[in-house]
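The structure under discussion appears below in the form of structure tokens.
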Amino acid sequence: MDKYIFLDRDGTIIEDAGHIYKVEDLKFLPGAIDGLRELFWHLRFKLIVVTNQAGIAKKKYDIDDFHKFDEEMRSQLQNAGVLIEKTYHCPHHPDITGECRCRKPGPGMVEQAVKDFGLNPARAIFIGDKDCDIELGQRFEARTILIDNGQYEIKSIPTARVKDLIQAAGIIKSWQNQ
Ligand SMILES: [Mg+2]
Ligand SMILES: [Zn+2]
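Pasting the structure below:
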């Protein structure tokens, strides 16, 4: 059976400068590409990105900007040997567009991935840098890894806490060997 990892984008894969959408501002975090390569290529996980993009609701950028940026990120990753299976995004913000089901930690994006891939979310691994990423995984009783880049106060208790995606890959490898 295929193994899946749900990855946050900003602050997990790429630098989180806040409402990032310009292709020229795309910067991978240290260890991100190598960590993803390990997860995809050696450990054979399928990688799914789930990202809150409230900047769309706030009209800081539009859906085309988002897609352009996503395509660029994925093509740079592909050139490095990493395939992102799919990117899901939530374009909403509760204050502007009202409550939605997809904004993390809401389950909507993962529910859609379950429909699209027939995956079991409880067996997936969730990686992110904020409480909402950890809470999302915990909602599905899955294992969670926090990328602790010191940018946010974290209240949730992830299964593991690491500095970057290389360390995350190391932890996941150790879980596989259990
Ligand atoms: Mg993030
Ligand atoms: Zn939403």
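Numbered according to our numbering, the sequence shown terminates at residue 1099, and the numbering increases by one at each position without gaps. For glycine and all other residues, C-beta sits at the position ideal for the given N, C-alpha and C. Treat the numbers as computed from the prediction; the structure is a model and nothing was measured.
DSSP places His1010 in the strand class (E or B) of the three-state scheme. For Gly939, the CB stays at least 6 Å from every heavy atom of ligand 1. In the three-state reduction of the DSSP assignment, Leu947 falls in the coil class, being assigned neither a helical nor a strand state. When DSSP reads this structure, Lys967 sits in a beta bridge with Tyr925.
Glu1056 is positioned such that its CB atom lies no closer than 7 Å to that of Pro1028. In this model, Arg995 and Lys948 are separated by some 12 Å (Cα to Cα).
Bounds of the beta strand (DSSP E) holding Gly1049 are 1046 to 1049. Secondary-structure assignment with DSSP links Leu1067 through a beta bridge to Gly1049, Arg1082. Rounded to whole angstroms, Ile1087 and His1010 show a C-alpha spacing of 24 Å.
Shown here, Asn1098 sits in coil according to DSSP, grouped into three states, outside any helix or strand. Taking C-beta atoms under 8 Å as the contact rule, Gly952 and Asp1085 qualify, at a distance of about 4 Å.
Non-local beta-carbon contacts of Ala978 in its own chain, meaning distances under 7 Å to residues more than five positions away in sequence, involve Pro1012, His1013, His1014, Ile1017, Thr1018 in chain order. For Phe990, the enclosing alpha helix (DSSP H) has its first and last residue at 984 to 1000.
The three-state reading of DSSP puts Ile941 in coil, since its state is none of H, G, I, E or B.
Within the chosen limit of 6 Å, ligand 1 reaches the beta carbon of Gly932 through at least one heavy atom. In the three-state DSSP reduction, Thr972 falls in the strand class (E or B). Val1083 places its beta carbon less than 7 Å from that of Ala1089.
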